[in-house]
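Since the structure comes first, as structure tokens, the remarks are kept for the end.
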Amino acid sequence: VVSVDSPGLVSEYSGARYSLETASPVTPTGTPTTLNFSLTTGGGISGTTSPGGVTVAYCLVGSFYLCDSTVSDQSGNYAFSRLTPGSYQVSFSSGGYVTQFYNGAAEAALSTPVTVAAGATTSGIDATMVPGGEIHGTVRDGSSNPIAGATVTAVAADSAVVSTVTGDDGSYVLAGLGNGAVWLSAS
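Per the working numbering, residue 2 is the first one in the sequence shown, and the count goes up by one each step.
Structural data, given as structure tokens:
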């Protein structure tokens with residue numbers, strides 16, 4: 002597999018593919034092999050989060066490899082560039098807040114895809130974070146002694162997972178939980 006990368010343009014792999022997972026293998030022989038590339042101008046996604054400091058992630062729909070993330074600045078601004086044209090799922094997450102997808106969707110399957118065109122930035126992909134629920138407590142052994150360093154995990158019906166580690170006094174706080182039932186475990 003051969004790839005080409007150039008500033009401002011979308012990287013391309015052999016076979017005119019945009020990801021390693023779909024690239025065509027190249028088998029050199031005893032004679033020179035010609036392999037031409039035609040790089041395209043990438044697109045972009047930009048927006049604002051409230052508050053700032055939110056992790057914003059994208060994945061090209063149908064791909065596990067064309068994904069990346071950034072953290073919005075203190076003012077909440079973020080931007081991605083050099084994206085392969087196509088449809089993307091965009092998610093927003095930050096400690097103490099409910100993870101959400103573009104247009105406020107609680108899960109990827111319900112999210113609005115963001116369309117990216119070559120040479121254009123799709124702007125206004127914004128999110129206002131919603132404080133999540135919180136569960137707190139203490140982990141103790143059979144003699145009621147607190148257990149430091151235990152892992153407490155909450156798993157929601159939509160498979161979202163939030164974990165934390167207990168403090169020296171066995172206490173824990175799980176924050177940023179979405180609405181609905183969760184199952185807890187301690188280990």
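C-beta: ideal position from N, C-alpha, C; glycine also. Keep in mind that this is a model prediction, so the values were computed, not measured.
- Take Arg-18, set aside five residues on each side of it, and the residues of its chain with a beta-carbon closer than 8 Å to its own are Ala-24, Ser-25, in chain order.
- Secondary structure in the segment 146-185: the beta strand (DSSP E) runs of 3 residues or longer, each lying completely within the stretch, are 152-157, 162-166, 172-178 in chain order.
- A distance of 9 Å or more separates the beta carbons of Pro-132 and Tyr-103.
- Distance check between Asn-180 and each of Ala-157, Ala-187, Gly-171 places Ala-157 closest, using alpha-carbon atoms only.
- Note on Val-153: 16 or more other CB atoms within 10 angstroms of its CB, so buried under the neighbour-count rule.
- Going by DSSP, Glu-108 is part of no beta strand (DSSP E) at all; its letter is neither H nor E.
- Its Cα nearest to that of Leu-111, the residue Gln-90 stands out among Ala-121, Gln-90, Ile-126.
- The alpha-carbon of Pro-147 is positioned some 9 Å away from that of Gly-168.
- In the three-state DSSP reduction, Leu-21 falls in the helix class (H, G or I).
- With a 10 Å radius around the Cβ and a threshold of 16 neighbouring Cβ atoms, Ser-76 comes out exposed.
- For the set Leu-10, Glu-22, Gly-9, Leu-175, the Cα lying nearest the Cα of Val-2 is the one of Glu-22.
- In the displayed model, Asn-78 falls within a strand according to three-state DSSP.
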